[in-house]
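Student:
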Amino acid sequence: MNFFVDAFAFILDPANWAGDAGIGARLARHLALTGVSVLLAAVVAVPLGLLIGHTGRGRAAVIGITGAARALPTFGVLILFVLLGIQFGQGLSEGPVIAVLVILAIPPLLAGAYAGVEAVDDVTVDAARAQGMTEWQLLTRVELPLALPLLAGGLRSATLQVVATATIAAYVAQGGLGRYFIEGIQTRDYVRAVIGAILVALLALLLDGILAVVQRLVTPRGVSRGATRTTGTTARRPSRSSGATRAPVTEG
Amino acid sequence: MFTRTMRRVAPAAAALGLGALVLTGCAGGGDPLDPGTGGDDAGTITIGNQAFPESELLAQIYGQYLEANGYEVAYEAGIGSRETFITALQDGSIDLIPDYAGNALIYANPDAEETSAEDVEAALPAALEPLGLAVTAAAPGEDSDALVVTREFASANGLETIGDLAPIAASVTLGANTEFEPRWRDGLAEVYGFEGWAFKAIDDYGGPGTLADLLADAIQVADIYTTTPSIAANDLVVLEDDLDLFAAQNIIPLLRADVLTPELEGLLDAVSAKITTEVLLELNAEMASDAKPSAASVAAGWLASVGLL
Amino acid sequence: MSWLWANLDLVLRLTAEHAVLAGIPIVVGFAASLPLGWLASRSRVARGILLTAFNVVYTIPALALFVVLPGVLGTRILDPLNVVVALTLYAMAMMLRGAVDAFGSVSGDVLASATAQGFSGAGRFWTVQLPLAGPVLLANLRVVSVSTVSLLSVAALVGSGGLGYLFTNGYQRYFVDEIVIGIVFTVLLALVFDAILVLAGRVLLPWSRRRTATPRAVVEGRAA
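Each protein sequence line maps, in turn, to chains A, B and C.
Its first residue numbered 1, the first sequence is counted upward by one per residue in the working numbering.
Its first residue numbered 253, the second sequence is counted upward by one per residue in the working numbering.
Its first residue numbered 562, the third sequence is counted upward by one per residue in the working numbering.
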């Protein structure tokens with residue numbers, strides 16, 4: 001358990017935060033990679049998910065594709081992209097890393113989007129249509145706001161996964177907090193690896209906490225985020241995906 | 253009611269269990285969960301190798317020869333840096349690994365000054381003894397760390413030896429495995445006056461990423477091992493180590509001391525004697541050729557061609 | 562694909578290793594998460610502690626665990642057990658949330674009527690809660706299975722990665738084919754595991770043919 005003491009001592013020493021190889025630089029790099037990847041994934045996944053939830057079509061196909069994407073070994077795909085990049089004359093760059101992280105982030109964002117829209121009670125949707133709303137108005141003024149909690153949940157999951165996985169950037173010389181693990185492995189320095197683990201865990205928990213607050217904030221008053229226990233008394237017409245309305249259990 | 257569930261569960265559980273057993277049986281040549289018995293069995297030996305092709309080739313060469321002479325050989329591939337495999341040797345995870353004499357000496361004794369092949373080989377046994385390790389005879393073949401630049405960069409800056417880098421150090425980024433920097437930064441400064449350079453860690457043992465960055469000028473100097481085919485293939489210039497910073501790096505089997513027997517030593521020496529630098533270059537090129545033969549098949553082919561198999 | 566035929570024995574051996582090194586964590590992780598998930602679904606305090614603890618474990622990147630576990634467990638550094646333990650912990654972390662949901666989804670009314678019929682705690686668990694929680698558990702388990710098969714490849718960096726060897730070896734030799742074959746076989750293995758789980762579900766839970774909800778784990782799997 002000495003490792004932890006030494007690791008915390010290292011992290012708390014301000015001298016280790018400065019410089020190109022300092023904690024600060026690596027943290028910034030890690031956040032940048034995470035942010036860009038989640039953003040790009042959201043740009044693709046959220047509109048698609050909203051569309052699927054709204055029209056009710058294509059769900060099976062999309063679930064199939066995202067399931068297949070999840071089966072791809074992240075490490076293998078990263079190495080593949082890197083080697084392909086090299087064979088096309090590139091040096092090592094963050095492109096392959098971001099591509100892999102985007103692939104990783106799409107399923108949870110997609111699921112959050114379509115589950116969020118599907119969770120909107122059919123009664124509400126009917127009422128909105130009865131009021132004469134166009135499909136676009138329905139989507140943007142009714143379904144989207146009501147879908148926000150689950151969408152935020154999907155964003156939270158995607159971010160958590162990407163933050164933990166962005167360490168792979170270090171495997172291909174792209175910096176980030178993963179450098180501590182590679183250094184730990186190559187020089188057989190346990191403390192180094194523990195430092196990395198602590199930093200990533202803290203960062204992940206911090207981001208998760210922030211997004212949990214965001215999730216609470218975007219929940220319109222009067223809409224329940226769902227409980228982890230349903231008592232069996234749901235709406236007259238059971239919604240298509242009762243399971244997905246439950247809030248992520250990470251509140252712990 | 254309970255028994256009804258059990259009646260349904262039992263056959264399914266049996267099927268799953270049987271499936272698991274079949275899979276374990278298929279894992280055939282060695283239970284992956286068995287880390288190896290180490291030096292207990294005179295006839296069993298676990299050979300490790302690092303995650304680059306030449307290391308795997310050498311492990312296969314020694315391993316196949318030992319197998320042909322009555323040993324039961326298990327292989328542990330892709331172990332990692334020296335820091336890791338030394339620990340693996342000491343804790344019994346592996347018994348033997350093909351290593352490079354000069355770097356082995358520096359690891360065992362950071363203050364060692366020997367640089368010639370003979371001196372390094374002579375100094376090794378004493379240096380390794382406190383670690384519980386031993387070596388057999390070194391091979392004539394060498395594969396050394398080398399600081400490599402592109403031909404354009406060499407002509408543009410008049411570079412022939414490592415010392416020639418000293419004046420331009422401030423604008424140079426050197427790419428190598430992570431452990432290169434703590435190991436060599438001081439030595440490069442003391443011996444060649446080469447200091448103040450930037451370091452980029454690329455952990456692929458002088459492989460594709462390192463080469464790509466060198467060719468793309470993301471790094472100006474790279475640590476690529478001398479028998480790597482990419483040096484010749486890309487017309488790269490190896491900067492001369494005229495002051496012998498990198499000691500002689502002859503191939504040498506490194507083992508745990510309690511594994512070494514005269515019989516084993518004799519067998520290993522017989523193989524080592526035939527490994528020359530030309531052989532390494534030729535076999536590395538073969539493994540990189542279009543057919544991409546496995547290290548095992550290249551090793552078998554070579555052993556047969558020199559009459560050892 | 563001629564390389565594949567020439568090296569089929571290597572690829573198949575790696576696939577078998579991969580199956581075992583990934584299969585054990587899936588099974589053990591699932592089994593271990595059942596009692597913990599059940600406990601967490603009943604007690605707020607237990608839920609708080611367990612979920613927080615596994616949340617933290619979940620955020621530790623795989624490589625860190627592979628490096629640190631030998632020191633913690635006292636195993637030899639190349640022991641595949643390190644990888645198996647790490648993957649089991651991740652499987653438990655992923656499965657636990659699903660298990661809590663699954664047990665929590667069993668309606669209170671059903672439980673009450675089971676008690677009224679005279680079922681004791683253990684009997685109620687095995688004959689009522691577990692079967693009813695089954696479909697959700699299975700859905701989550703399928704995702705855990707796929708994630709674990711994928712995650713194992715990373716262990717190639719410490720020498721025990723099953724098919725992951727093809728990635729590092731293919732990379733070193735500039736050999737895209739080998740990497741692609743590694744990816745294909747990893748995906749195939751994941752599909753086989755999934756098929757086995759689906760089959761087990763049909764046999765053990767024949768009443769749950771209806772499509773089930775998006776499992777928690779879909780939204781929260783991990784890959785490195």
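Even glycine gets a Cβ: it sits at the ideal position worked out from N, Cα and C.
#1: Quick one: grab the DSSP three-state call for A/V94.
#2: If I follow the unbroken beta strand (DSSP E) through B/D212, where does it start and stop?
#3: Buried or exposed: where does C/M655 fall if 16 or more other Cβ atoms within 10 Å of its Cβ makes it buried?
#4: Please state the DSSP three-state secondary structure of C/V581.
#5: Would B/A421 pass as an interface residue toward chain C - the criterion being a Cβ-Cβ separation below 9 Å?
#6: Would you say the region 386-394 of chain B touches the region 489-507 of chain B, given that touching needs at least three Cβ pairs under 8 Å?
#7: Using 10 angstroms around the beta-carbon of A/E188, count the other beta-carbons present and answer buried if the total reaches 16, otherwise exposed.
#8: In three-state terms, what does DSSP make of B/P350?
#9: Using 9 Å as the limit for Cβ to Cβ distance, is A/I86 near chain B?
#10: Report the rounded CA-to-CA distance for B/T367 versus B/D395, giving the unit in angstroms.
#11: Would a check of beta-carbon distances place C/Q690 closer than 9 Å to chain B?
#12: Taking C-beta to C-beta, are A/Q87 and C/V737 nearer than 9 Å?
#13: Name, going along the chain, the residues of the region 720-731 of chain C whose beta-carbon falls closer than 9 Å to a beta-carbon of chain A.
#14: Identify the continuous alpha helix (DSSP H) that holds A/G184 and give its terminal residues.
#15: Find out if the Cβ-Cβ distance for the pair C/R703, C/D755 is shorter than 9 Å.
#16: Using DSSP bridges, identify the partner residues of B/F451.
#17: Report yes if the C-beta of B/A499 is less than 8 Å from at least one heavy atom of the ligand ADP; otherwise report no.
#18: Using a Cβ distance threshold of 8 Å, determine whether the region 194-201 of chain A contacts the region 179-186 of chain A, with at least three qualifying pairs required.
#19: Let me know if A/I23 comes out buried or exposed under the rule of 16 or more other beta-carbons within 10 Å of its beta-carbon.
#20: Please decide whether A/L83 counts as near chain B, where near means a Cβ-Cβ distance under 9 Å.
#21: Just to confirm my understanding: we take C/S602, look at its own chain, exclude 5 residues before and 5 after, and list those with CB closer than 6 Å. What are they?
#22: Counting only Cβ pairs nearer than 8 Å, list the residues of chain C close to B/F304.
#23: For C/L571, decide whether its Cβ has a neighbour in chain B, counting only Cβ atoms nearer than 9 Å.
#24: Could you name the residues of chain B that A/V172 contacts, counting a contact when the two beta carbons are closer than 7 Å?
#25: Using beta carbons (cut-off 9 Å, strictly below), is B/D343 in contact with chain C?
#26: Can you name the residues of chain B whose CB is closer than 8 Å to the CB of C/A623?
#27: How would you call B/W194, buried or exposed, if buried means at least 16 neighbouring beta carbons within 10 angstroms?
#28: Taking the alpha carbon of C/L672 as the point to measure from, which residue in C/G659, C/T688, C/L765 and C/L575 has its own alpha carbon closest?
#29: Please list the partners that C/R637 has in chain B, where partner means a Cβ-to-Cβ separation under 7 Å.
#30: So who's on the other strand from B/D475, going by DSSP bridges?
#31: According to DSSP, is A/V213 helix, strand or coil?
#32: Starting from B/D456, find everything on chain C with Cβ-Cβ shorter than 8 Å and list it in chain order.
#33: Decide yes or no for the touch test of the region 401-419 of chain B against the region 468-487 of chain B: beta carbon pairs closer than 8 Å, at least 3 of them.
#34: Apply the 10 Å Cβ neighbour rule to B/P514 and answer buried if 16 or more other Cβ atoms are within range, or exposed otherwise.
#35: Could you check the C-alpha separation between A/P47 and A/A113 for me, to the nearest Å?
#36: Please classify A/V100 as buried or exposed, where buried requires at least 16 neighbouring CB atoms within 10 angstroms.
Tutor: In this structure, then:
#1: The question names Val, but residue 94 of chain A is Glu in the sequence shown. It is coil, neither helix nor strand.
#2: No answer is possible for residue 212 of chain B: the residues shown for chain B start at 253 and end at 561.
#3: C/M655 is buried by the Cβ-count criterion.
#4: For C/V581, the three-state secondary structure derived from DSSP is helix.
#5: It does not; no Cβ of chain C falls within 9 Å.
#6: Yes: the two stretches touch, three or more of their Cβ pairs being nearer than 8 Å.
#7: One detail in the question is off: residue 188 of chain A reads as Arg in this sequence, not Glu. Answer is buried; the Cβ neighbour count reaches 16.
#8: It is a strand residue.
#9: At least one chain B Cβ lies under 9 Å of A/I86.
#10: When rounded, the distance between both Cα atoms is 14 Å.
#11: Judged by the 9 Å Cβ criterion, C/Q690 is not in contact with chain B.
#12: Against a cut-off of 9 Å, the Cβ pair of C/V737 and A/Q87 comes out as a contact.
#13: Answer in chain order: G722, L724, G725, L727, F728, T729 and G731.
#14: Here the alpha helix (DSSP H) through A/G184 covers R179 to Q186.
#15: Cβ atoms of C/R703 and C/D755: closer than 9 Å.
#16: For B/F451, which the question treats as bridged, DSSP gives the partners B/L426.
#17: Within the structure as shown, the ligand ADP is missing, as the structure has no ligands at all.
#18: Yes, the region 194-201 of chain A is in contact with the region 179-186 of chain A.
#19: It is buried - the Cβ of A/I23 has at least 16 other Cβ atoms within 10 Å.
#20: Judged by the 9 Å Cβ criterion, A/L83 is in contact with chain B.
#21: V661, F664 and G665, listed in sequence order.
#22: Simply Q733.
#23: Flagged as an interface residue toward chain B: C/L571, by a C-beta distance shorter than 9 Å.
#24: Neighbourhood of A/V172 in chain B, by CB distance below 7 Å: G461, in chain order.
#25: Chain C, which has a Cβ nearer than 9 Å to the Cβ of B/D343, makes this yes.
#26: Residues of chain B with a Cβ closer than 8 Å to the Cβ of C/A623 do not exist; the shortest Cβ-Cβ separation is about 15 Å.
#27: The first residue shown for chain B is 253 and the last is 561, placing residue 194 of chain B beyond what the model contains.
#28: Minimum Cα distance to C/L672 is reached at C/T688.
#29: Under the 7 Å cutoff, chain B gives P287, D343, G344 and S345.
#30: DSSP output for B/D475 lists B/L399 as bridge partner(s).
#31: Correct three-state label for A/V213: helix.
#32: Per Cβ cutoff of 8 Å: Y732 and Q733.
#33: When C-beta atoms of the region 401-419 of chain B are compared with those of the region 468-487 of chain B, three or more pairs fall below 8 Å, so the two segments count as touching.
#34: It is exposed - the Cβ of B/P514 has fewer than 16 other Cβ atoms within 10 Å.
#35: Roughly 8 Å separates the two Cα atoms.
#36: Counting other Cβ atoms within 10 Å of its Cβ, A/V100 reaches 16 or more and is therefore classed as buried.
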